[in-house]
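Novice: Sharing a structure, written as structure tokens. Questions coming.
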Amino acid sequence: MQLDWKNLGFQYLPTNGHIQCDFVDGKWGVSEFKTSPYLQMHVAANCLHYGQAIFEGLKAFRTRDNRVVLFRPDRNAHRMRLSAERLCMEAPSDELFIDACRQAVIQNIEFVPPYGTGASLYLRPLLIGTEATVGIKASATYSFIVLVTPVGPYYKDGFHPVEALVMLDYDRAAPKGTGRAKTAA
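In this note's numbering, each residue's number is its place in the sequence shown (first place is 1) plus 62.
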């Protein structure tokens, strides 16, 4: 695939596939590489009705000597655990999280941009509640997915200063709310 690495935007581009691991019967299964970009889930899946879904975002880069590296996946794994705890979800272990990220990169290695282009391979780990339910409760089943896509800078034209008012008397999130969790809700 020929990509104009230096002119990529920050949007989804198709790749070879994603990694998926499911939590069923109280335990995580084996991570699998999936080539279809579509998920098969029940219409009553918890994530669709009650927003039991969290996500992370990290990048893989190619170094000057052509190695491929992930930027601090352990920090993202830790934050996903905190978000999962907040939403009463079963979080993947750090080992599962990091291994799934590595496998997603390996399966899509040709989408890691060359060094010096300003582009990267963006990884979006997500955890969704998949149990079919119409009542309010935490899901008993989950899917942990790592999708990847090559991206350019988030702000294509760089950062530009803006005038802003900083409010010191207000929080962006309610006490005991979900403001610190990276949630889809």
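Where a beta carbon is used, it is the ideal one built from N, C-alpha and C, also for glycine.
Is the beta carbon of Gln82 closer than 7 angstroms to that of Ile171?
Specialist: Cβ atoms of Ile171 and Gln82: not closer than 7 angstroms.
Novice: I need the straight-line Cα distance from Leu65 to Gly119, nearest angstrom please.
Specialist: The alpha-carbon atoms of Leu65 and Gly119 are separated by roughly 22 angstroms.
Novice: Give the straight-line distance between the Cα atoms of Pro212 and Leu185, rounded to the nearest whole angstrom.
Specialist: If I take the Cα positions, the gap works out to 9 angstroms.
Novice: Give the secondary structure of Glu94 by DSSP, where H, G and I count as helix, E and B as strand, and everything else as coil.
Specialist: Glu94: strand per DSSP, three-state reduction.
Novice: For Ala115 and Leu189, which I take to be in contact (beta-carbon distance under 8 angstroms), what is that distance rounded to the nearest angstrom?
Specialist: Confirmed, Cβ separation roughly 7 angstroms.
Novice: Please name the residue in Gln102, Arg137, Val131 whose C-alpha comes closest to that of Gly191.
Specialist: If we check each option's Cα against that of Gly191, Gln102 comes out closest.
Novice: Please classify Pro135: is it buried, with 16 or more other beta-carbons within 10 angstroms of its beta-carbon, or exposed?
Specialist: Burial call: buried.
Novice: Pull up the CB-CB distance for Ala243 and Gly113, whole angstroms please, since I reckon it's below 8 angstroms.
Specialist: Ala243 to Gly113, Cβ: 11 angstroms. No contact.
Novice: Ordered along the chain, which non-local residues of its own chain (more than five positions away) have a Cβ less than 8 angstroms from that of Asn128?
Specialist: Contacts found: Tyr177.
Novice: Look at the alpha carbon of Ala194 and the alpha carbon of Met151, and state the distance between them as a whole number of angstroms.
Specialist: Looking at the two C-alpha atoms, the distance is approximately 15 angstroms.
Novice: Apply the 10 Å Cβ neighbour rule to Val228 and answer buried if 16 or more other Cβ atoms are within range, or exposed otherwise.
Specialist: Flag for Val228 reads exposed.
Novice: Starting from Val213 and walking both ways along the beta strand (DSSP E), at which residues does that stretch end?
Specialist: Its beta strand (DSSP E) spans residues 204–213.
Novice: Looking only at C-alpha atoms, which of Glu147, Trp67, Val130, Pro223 sits nearest to Gln165?
Specialist: Closest by alpha carbon: Val130.
Novice: Kindly identify the DSSP beta-bridge partner or partners of Gly191.
Specialist: Per DSSP, Tyr204.
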